[in-house]
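In our numbering, the protein residues as written are 823 to 889.
Below you can see the structure in the form of structure tokens.
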């Protein structure tokens, strides 16, 4: 996938009935025009018009580079 990144958003929420904390992960396909992201980067994305079948997000900025 050229000029595309997969962004995983992890949310830790409490189960409504049992009270146990559960990790939920959502994956978003985002457009990276300059191909500047690497694995492990923390990024900010914004919703945009559909660019392909699954890609309707765009990279705004890289907050923190991976070590």
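C-beta atoms are modelled at their ideal positions from N, C-alpha and C, and glycine is treated no differently. Note that this is a predicted model, so its numbers are computed, not measured.
Can you list, in chain order, the residues of its chain with a C-beta nearer than 8 angstroms to that of residue i? Leave out the 5 residues immediately preceding and following it.
{"i": "residue 870", "result": "853, 878, 879 and 880"}
Among residues of its own chain, excluding the 5 on either side of residue i, which ones have a beta-carbon nearer than 6 angstroms to its beta-carbon?
{"i": "residue 837", "result": "844"}
{"i": "residue 872", "result": "878"}
{"i": "residue 868", "result": "880 and 882"}
Less than 7 angstroms between C-beta atoms, sequence neighbours within five positions excluded: which residues of the same chain meet that for residue i?
{"i": "residue 828", "result": "849 and 851"}
{"i": "residue 794", "result": "The structure shown does not extend to residue 794, since the chain is modelled only from 823 through 889, so no value can be given for it."}
{"i": "residue 866", "result": "882, 883 and 885"}
{"i": "residue 833", "result": "846"}
Residue i bridges to which residues according to DSSP?
{"i": "residue 834", "result": "845"}
{"i": "residue 826", "result": "853"}
{"i": "residue 867", "result": "881"}
Measuring CA to CA, which of the options is closest to residue i?
{"i": "residue 888", "options": "831, 858 and 835", "result": "858"}
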